[in-house]
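Visitor:
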Amino acid sequence: MTVADAAIIGGSGLYSLFAPDSPSHVATIPMAELATAFGEPSADVEIAAIAGRRVAFLARHGAGHRWPPHAIPYRANLRALADLGVRQIIAPCATGSLRAETPPGSLVVPD
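30 is the number of the first residue of the sequence shown in my numbering; add one for each residue after it.
#1: Report yes if the CB atom of Ile58 is closer than 8 Å to the CB atom of Val84, and no otherwise.
#2: So does the segment 68-82 actually touch the segment 116-136, counting three or more Cβ pairs closer than 8 Å?
#3: For Ala100, which of helix, strand or coil comes out of DSSP?
#4: Which residue from Met60, Gly39, His54 and Val55 puts its Cα closest to that of His90?
#5: Could you check what DSSP says for Phe67 in three-state terms: helix, strand or coil?
#6: Identify every residue that forms a DSSP beta bridge with Glu130.
#7: Using the C-alpha atoms, what's the distance from Thr31 back to Pro49?
#8: Is it true that the CB of Phe47 sits closer than 8 Å to the CB of Ala92?
#9: Sorted by chain position, which residues of the same chain lie with C-beta nearer than 7 Å to Ser71's C-beta, five sequence neighbours on each side aside?
#10: With a threshold of 7 Å on Cβ separation, who are the neighbours of Ala61 within its own chain once the five nearest residues in sequence on each side are excluded?
#11: How would you label Ala136, buried or exposed, when you count the other beta carbons within 10 angstroms and need 16 or more for buried?
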């Protein structure tokens, strides 16, 4: 079943683009319907039509930031998106640094 080709796993900065009242919103898939062998994903999956493609959005920390960083169900999130047919995932994040040479506002791309 292909519901979306791509997905974004993100935070509150993206909620408005995928909100049910957004003109691009297509569907909401409840997390209970997406249960995997690893449990339920961290939140419902919102589907939006963006540039002619269906894109899924999954809130990394869940509704109301229910999941702290160390407890996010990463495996369930990835399996649920794969079950929806997602083949590409973008997962931007923001975090602090523990290094003086990486001050606030720096962009770091892990490799």
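Ideal Cβ placement from N, Cα and C applies to all residues, glycine included.
Guide: Reading from the atomic positions:
#1: The count along the sequence shown starts at 1 and reaches residue 58 at position 29. The count along the sequence shown starts at 1 and reaches residue 84 at position 55. Result no, Cβ atoms of Ile58 and Val84 do not sit closer than 8 Å.
#2: no
#3: One-based indexing of the sequence shown puts residue 100 at position 71. Look at Ala100 here: in three-state DSSP terms it is helix.
#4: For the purposes of this step, residue 90 is identified with residue 61 of the sequence shown, where counting begins at 1. For His90, the nearest C-alpha among the options comes from Gly39.
#5: The residue labelled residue 67 in the question sits at position 38 within the sequence shown. Looking at Phe67 - three-state DSSP - the assignment turns out to be coil, as it is neither helix nor strand.
#6: Numbered from 1 along the sequence shown, position 101 holds the residue referred to as residue 130. Checking the DSSP bridge columns, you'll see Glu130 has no partner listed.
#7: For this step, residue 49 is matched to residue 20 along the sequence shown. For this step, residue 31 is matched to residue 2 along the sequence shown. Pro49 and Thr31 have their alpha carbons spaced roughly 20 Å apart.
#8: Residue numbering aside, residue 92 sits at position 63 when the sequence shown is read from its first letter. Residue numbering aside, residue 47 sits at position 18 when the sequence shown is read from its first letter. The answer is no: Cβ separation not under 8 Å.
#9: Locating residue 71 in the sequence shown gives position 42, where the first residue counts as 1. For Ser71, where only same-chain residues beyond five positions count, the Cβ hits under 7 Å are Leu87, Ala88, Arg89, His90, Gly91, Trp96, Ile101, Pro102 and Asn106.
#10: By one-based count along the sequence shown, residue 61 stands at place 32. Answer for Ala61: Glu69, listed in chain order.
#11: Here residue 136 refers to the residue found at position 107 of the sequence shown. Strictly speaking, residue 136 in this sequence is Leu, with Ala absent from that position. Looking at its Cβ environment, which holds fewer than 16 other Cβ atoms inside 10 Å, Leu136 is exposed.
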